[in-house]
Amino acid sequence: MVTPQDIPVLEMRGITKRFPGVVANADVDFTLKKGEIHALLGENGAGKSTLMKVLYGLYRADAGTIKINGRLEDIAEPNDALRLGIGMVHQHFMLIPQFTVVENLVLGTEPKKNGVFMDMAEAIKKVKAVSDEYGLAIDPTARIMNISVGMQQRVEILKTLMRGADILVL
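Written out as structure tokens, the structure reads:
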């Protein structure tokens, strides 16, 4: 009997991605089960980033399939990936240095107070709760320009987790 734990959260089968003059991914298979952590290793140009960009909807595969929790999915753009619980922390951070951590994290998803004004106290509370849950130790009121690069990466990870990612691509 197949249990939910037996079904991979992610299955990429036969992924092929070509660019003019080069095959970046040739018939690649990748499986991820709940709770697993994987590292893709290879030289520059081996296709690691390309494969993850296919998963995140930044590139379209020329061939192959992607299943999320056993369901065949068409990931045409990053919004599809986000809807499916796939989050990506980009190599180059997408944070506004002059903003605080919480301002960066709620940008585009601002919690409203009385349906009109941003409820900053609620946003800070939520950021602190998720940060604590994952042991990230992030100060929601710190300005991005005043924190280390390592802490900025934690902020990017937290942003992805707060948007509901079940699969995190670093």
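Heads up: the sequence shown begins at 26 in the working numbering, then just goes up one per residue.
For glycine and all other residues, C-beta sits at the position ideal for the given N, C-alpha and C.
Classify residue i: buried if its beta carbon has 16 or more other beta carbons within 10 angstroms, exposed otherwise.
| i | result |
| --- | --- |
| residue 180 | buried |
| residue 229 | No answer is possible for residue 229: it lies beyond the span of the chain, which begins at 26 and ends at 195. |
| residue 45 | exposed |
| residue 143 | exposed |
| residue 113 | buried |
| residue 166 | exposed |
| residue 102 | exposed |
| residue 185 | buried |
| residue 129 | buried |
| residue 79 | buried |
| residue 120 | buried |
| residue 156 | buried |
| residue 49 | buried |
| residue 163 | buried |
| residue 28 | exposed |
| residue 190 | buried |
| residue 100 | buried |
Please confirm whether residue i and residue j have their CB atoms less than 9 Å apart.
| i | j | result |
| --- | --- | --- |
| residue 37 | residue 53 | yes |
| residue 192 | residue 161 | no |
| residue 118 | residue 178 | yes |
| residue 95 | residue 32 | yes |
| residue 145 | residue 127 | yes |
| residue 187 | residue 151 | yes |
| residue 98 | residue 87 | no |
Starting from residue i, trace the alpha helix (DSSP H) both ways and give me its first and last residue.
| i | result |
| --- | --- |
| residue 114 | Counting along the chain, residue 114 falls outside any alpha helix (DSSP H), and DSSP gives it neither H nor E. |
| residue 144 | Neither: residue 144 is in no alpha helix (DSSP H) and is coded neither H nor E. |
| residue 80 | 73 to 81 |
| residue 176 | 174 to 187 |
| residue 107 | 103 to 108 |
What is the residue span of the beta strand (DSSP E) that residue i lies within?
| i | result |
| --- | --- |
| residue 36 | 35 to 44 |
| residue 193 | 192 to 194 |
Which partner residues does residue i have in the DSSP bridge list?
| i | result |
| --- | --- |
| residue 50 | 42 |
| residue 96 | 93 |
| residue 125 | 168 |
Write down the C-beta distance between residue i and residue j rounded to the nearest angstrom, noting that I regard them as a contact closer than 8 Å.
| i | j | result |
| --- | --- | --- |
| residue 42 | residue 81 | That pair is no contact at about 13 Å. |
| residue 39 | residue 110 | Going by Cβ atoms, the distance from residue 39 to residue 110 rounds to 23 Å, so no, they are not a contact pair. |
| residue 59 | residue 34 | 5 Å |
| residue 148 | residue 131 | 5 Å |
For a cutoff of 9 Å on Cβ pairs, would you count residue i as touching chain B?
| i | result |
| --- | --- |
| residue 79 | Judged by its chain identifiers, the structure shown contains no chain B, having just a single protein chain. |
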